[in-house]
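The number in our numbering is simply the position in the sequence shown, starting from 1, with 91 added.
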Amino acid sequence: MSGSSPAEFLKKLATSTALCSVAAMGLAAPAMAEDAITAPITVTATGSGITAYEYPGMVTVIDKDEIDLKQASTPDDILRDVPGVMFTGGPRRTGEVPSLRGFSGPDVVILIDGVRQNFSSGHDGRFFIDPSVVNSAEVLRGPSSSLYGSGGMGGVIEFRTIDPLKALAAGETQTSFGLGGQTANREYHATATAMSRPLDGLGIVGSLTKRESGSIELGSGSELESDDDILSGFLKGSYDAGGGHKFTASFLRFDNDAIEPNNGQANGNDYADKNLVSDTYRLGYDFNPASAWVDLKSIAYYQSFKADELRLDNNGVGPAGELLKRDVDTYGFRVDNRSRFSLTEDIFTTLTIGAEGYHDEQEGAAGGGVRGGVPDAEDSFIGGFAQAEINWARPFGFLPGDLYVVPGLRYDRFESESSQAGVDNQDSAWSPRIGGSYMPVEWLNLFGSYSEAFRAPTMDELYSTGVHFTFAPGDLGPGTAGHTNRFTPNPNLKAQKTDTFEFGAGVTFDDVLEENDRLEIKASRYYTDGENFIDLQVNQPAPYAACSPFVPGACDGTTTSVNIADAELDGVEAEAHYENDRIRVKVGFSNVDGKNKATGEKLGVLTPAMGTLDAAIKLPETHSIIGWHVIAADEFDKVNSVADERDGYVVHGVYFAWTASEGPLSGLRLDLGIDNIFDKAYARAYASSYETGRNFKGGIRYTVNW
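Have a look at this one:
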């Protein structure tokens, strides 16, 4: 692998964009113009709905069409082009962990239809949802504790499932069946979905997906052992009772039987038969009568995650046949109301007031005893928040354009306890935020924000005990003794907190090259100062230099979570999107850096300078689209150890989709694609293995409406 400078890969991206645009514009124009391209709407960013362009920050919305074109097998596939997002943990789906702006794990809030996904472990991933049930996704980058409380330091990732009341007309029913697969891991999948709206106010949807895959062929030519057998089910009912009352109920299950190393992010030889089951139960009630003062949304939920891992050999910490268990249950609610009113003729305000609470319970076991790193513990969070969205036309009576200001404030109280530790950890936090977008003319947006965010220490960080890893006799050389690294609890950990300044600009134009086209560009720069950053420190004496490996226990070490007094992260992000009746081009760029201010050591889940390109040609005459995507990364040297450095890379892929809209094949869709088309051998930052090599993908789906 060879490195490339930021200038080189940006030049490649710009050249690629230009070539694709020229080629596409050379095609004949369609016979009839389509509707104007509209700006995507974000709900996650403010809770009330605003265009992603107008929001004073960076947020990306991914719709169902884009998810289908990617033929996503994992959430990584869905989010691969979003600036500021990087997945660590390697290519196994069980190890995928997203990072946003240098924050990862519990520093990122993950939601499914508003339900918090609070499971977090060092090696078992964070996503337990099949892409087949995802109708749209949003990625809000930057601090979001003023709305979402603990964990909103890097941002929020939210997946939304389909609503049959929005997808179908009254009296309409739809069924679909799809088959597909990919070569890199010999995966195949089948999905059956049925959806109906028998009455105007009643909608029902059910979906079942079976997905199986094997070892992963890497770009390096080697294979990464993996075996997944997944069954995913989804049920949802929506009822509009009239008078502004709407009720929803849903159930989502993700069940994966996997055989892989105990640490799914590593290349170990200690294999385990894993059963990972996530169940999400959700009830929703909305009340939106003919009143500007009431727009109520509420949910109550129960989320259960169970991970059973049966050791298949004696190569790990425990013996073959030992059963490792981790159960995490979350009970929660969220309710908020939006009131809309005018302060003056030129000032319109949306005021959101709400409350949120949730409780987590965790149990761990290993062969009937205590499992190292998985304490029996529980935590509780309760918070209240308020946010105003102020739209001011002709601000101060003399400035041109519009000013959009969003002040917000949230208060949280949290407490953690463990029967094993006997010590509680409790605290509270205020999370203010103010952001603003000034649009002096329709095509220009100048924005900025100041945010404070916090993240409470997790149960694992506070109370972990037991064995982390071991060196068996002979592992450190002939004749050496065995040594053990053990978890040390730290129940006095403090919540980490950040202050973030962000500023940026955007431009948007309609009818640029032809009627009904749209160009949008947006970029930002941010600076984050943090205190009491929670860092996992593995203290392992170096054999021979710091200890004698021949003396039993002399090289024993510890693993514990500590607070880093002062830290800083900074970065840049940019997105550009052009679309007309014939072409669609998206470009993204991001770069993240961070350090411990006291020592100068690198800190956070940092990323190299990265660029993405997705360019597609629409062929409406044949109801098809063909596209090309590129991910380019500079060499990664923001590390404290040379072993963590990574070479730069450029990875290409292509995709094609065709839909039959009339005749006997009406309702048939064909998708084809190739990821990593040149079989590039590359590794992402903080991954212990190379990524997936050349991957041929294909799928066929048949949909019937009546």
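Ideal Cβ positions, reconstructed from N, Cα and C, are used throughout, including at glycine.
The bridge partners DSSP lists for residue 423 are 392 and 449. When rounded, the separation of the alpha-carbon atoms in residue 503 and residue 257 is 34 Å. Counting the other Cβ atoms within 10 Å of the Cβ of residue 129 gives fewer than 16, which makes it exposed. The Cβ-Cβ distance between residue 193 and residue 685 falls below 7 Å. By the neighbour-count definition (other C-beta atoms within 10 Å, threshold 16), residue 135 is a buried residue. Take residue 561, set aside five residues on each side of it, and the residues of its chain with a beta-carbon closer than 8 Å to its own are 408, 573, 574, 575 and 576, in chain order. A Cβ-Cβ separation of about 17 Å leaves residue 324 out of contact with residue 339 under the 8 Å criterion. A direct Cα-to-Cα measurement between residue 556 and residue 624 gives close to 21 Å. Restricting attention to 730, 516 and 549, the CA atom closest to the CA of residue 692 is found in 730. Separation of residue 438 and residue 486 (C-alpha to C-alpha, rounded to the nearest whole angstrom) is 9 Å. For residue 615, the CB contacts under 6 Å within the same chain, skipping 5 residues up- and downstream, are 149, 593, 595 and 664 in chain order. Counting of Cβ neighbours within 10 angstroms places residue 666 among the buried residues, the total reaching 16 or more.
For the pair residue 266 and residue 653, the CB atoms are not nearer than the 7 Å cut-off.
By the neighbour-count definition (other C-beta atoms within 10 Å, threshold 16), residue 491 is an exposed residue. In this structure, the straight-line span from the alpha carbon of residue 644 to that of residue 254 is close to 59 Å. Annotation: the segment 166-190 contains the following complete segments of the alpha helix (DSSP H) (minimum length 4 residues), in chain order: 166-170. Rounded to whole angstroms, the gap between the alpha carbons of residue 296 and residue 373 is 14 Å. Looking at the backbone, the Cα of residue 784 and that of residue 309 are separated by about 4 Å. Under a 10 Å Cβ-count criterion, residue 333 is classified as exposed, with fewer than 16 other Cβ atoms of the shown protein chains found around its own Cβ.
Residue pairing from DSSP places residue 587 in a beta bridge opposite 546. Counting of Cβ neighbours within 10 angstroms places residue 434 among the exposed residues, the total staying below 16. Minimum Cα-Cα distance from residue 660 among the listed residues 400, 678, 650 and 698 corresponds to 698. Annotated three-state conformation of residue 161 is coil, per DSSP. As for any alpha helix (DSSP H) of minimum length 4 sitting wholly inside the segment 499-537, there is none. A Cβ-Cβ contact shorter than 7 Å links residue 388 with residue 377.
One thing to note: residue 298 has its Cβ no nearer than 7 Å to the Cβ of residue 264. Around residue 638, the same chain offers 632, 645 and 646 as residues with beta carbons nearer than 6 Å, after the five sequence neighbours per side are excluded. Taking every protein chain shown into account, the CB of residue 278 has 16 or more other CB atoms within 10 angstroms, so this residue is buried.
Counting along the chain, the unbroken alpha helix (DSSP H) around residue 237 starts and ends at 236-239. Below 8 Å, enough C-beta pairs join the segment 216-234 and the segment 243-250 to call them touching: three or more. Under the three-state reduction of DSSP, residue 752 is assigned to coil, being neither helix nor strand. Between residue 740 and residue 709, the CB-CB gap reaches or exceeds 7 Å. As DSSP reads the structure, residue 297 sits in a beta bridge with 285 and 326.
With respect to the 7 Å criterion, residue 750 and residue 649 are not classified as neighbours on the basis of their beta carbons.
Cβ atoms of residue 204 and residue 251 come within 8 Å of each other, at about 6 Å. Rounded to the nearest whole angstrom, the C-alpha separation of residue 405 and residue 764 is 41 Å.
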